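Below is one structure, written out as structure tokens; the observations come after it.
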Amino acid sequence: MLALRMQLTPAPNATRTIPAHKPARHAGTIAFRHSDVILVNTQIVSNADLQPPGLSPAFFLSGSRMRECSIFVDETGETGRDARQSEYFGVSLVFHEQDDAVLPLFDAYQETLANKHLPDIPLHTEPLLNGNGPYRSLPPSERQQLLRSFLLMVRKLPVSYVTFMYEKSDFRNRSTNSFDSPRLRSRLTRDIATYLQNHLLYFQQFDKIKRYYDNGQKLVVCALDDAIHDVISTEAIEARLASQVDYRLAQVADFICTVELTARKYRTSHQTQTDIRFFGSEKEFRKNYYRIVSRLQMPEA
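Per our numbering, the sequence shown starts with residue 39, numbered consecutively.
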């Protein structure tokens, strides 16, 4: 149902589209599944003759109900002049089908915070872990409770995700000994496009895809837009500016991106004292956090 929206104006003697829930009978002799043919002006024509390339046959038979998918984006790591401040660069995409209710889970999370006498601060994991910004006045024990409460909400959410994580050392320009941002952008674009292509049947279920991102890094914006537009029709995409303050699912993307980064750091023995203080040993982290979050990863196509 992604790709171009197509208007069909029936002729006065046109027959109706075959219902999706049962076979049709024409002149009492021929029965077809809806995936095989459509009846137009009493002539039998194939879907291939009617649909634009990449358009699902179900588009013509699903009625007027719009299906939408939201993609919430967050990144970790610096690029450009600040690239040396971190060893990794990662981008997480969190997918939510807008038919799936999330507000009751958000309400339950707020109730949990109120019962524990914890502030409902829009989750931003970097300042939370380091005690900066709005978390400056909170002791580590309360910040740990905030992180754990958020995890317990995330594990129940009807979302899925994918994370692309890179070691910056793989993108160093040897001649200038500097970080090669264009090469990382090219790699990220290719990886996202390949992922979308591999899951194209899933994304073709939707009439519209809304991409939410705070536009924090131009490299990510360009890679996302290039990849999405290469694979999915531009008419189906809507880009929206989003921050953790405005969208709870943007906070989810931030949280998942941090968990995936922490998993990579433990795996390569680059964990920090802050990681150990909040998550414990690698075994404890994997049991108490990563095992829970990684269950939400979108299955391989």
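A virtual CB, placed ideally from N, CA and C, is assigned to each residue, including glycine. No experiment lies behind these values; they were computed from the predicted model shown.
Three-state class that DSSP yields for residue i in the structure shown
| i | result |
| --- | --- |
| PRO220 | helix |
| LYS321 | helix |
| LEU131 | strand |
| THR310 | coil |
| SER175 | coil |
| PHE188 | helix |
| ASN211 | strand |
| ALA231 | helix |
| ARG302 | helix |
| THR117 | coil |
| PRO160 | coil |
| ASP245 | coil |
| TYR327 | helix |
| ASN236 | helix |
| GLN289 | helix |
| VAL283 | coil |
| ILE294 | helix |
| ALA58 | Because the pLDDT at ALA58 is just 35, under 50, the model does not fix this residue reliably, and the point stays unresolved. |
| GLN148 | helix |
CB of residue i within 8 Å of CB of residue j, strictly
| i | j | result |
| --- | --- | --- |
| THR117 | LEU222 | yes |
| LEU257 | SER219 | yes |
| ARG181 | ASP137 | no |
| LYS321 | GLU276 | no |
| TYR126 | ARG315 | no |
| LEU151 | ASP158 | yes |
| LEU299 | GLY128 | yes |
| PRO172 | PRO165 | yes |
| GLN289 | LEU161 | yes |
| PHE110 | TYR285 | yes |
| LEU262 | TYR250 | no |
| LEU195 | VAL283 | no |
| GLN406 | LEU156 | Look at the range of the chain in this structure, 39 to 339, and you will see that residue 406 is not part of it. |
For residue i, the residue or residues it bridges with in DSSP
| i | result |
| --- | --- |
| ALA265 | Note: ALA265 sits in no beta bridge, so no partner. |
| GLU205 | TYR126 |
| TYR29 | The displayed coordinates of the chain run from 39 to 339. Any statement about residue 29 would go beyond what the structure contains. |
| TYR199 | VAL132 and GLN335 |
Cβ of residue i within 8 Å of any chain C Cβ
| i | result |
| --- | --- |
| PRO172 | The chain inventory of the structure shown lacks chain C, comprising one protein chain alone. |
Are at least three pairs of beta-carbons, each pair with one atom in the stretch 187-199 and one in the stretch 290-297, less than 8 Å apart? yes
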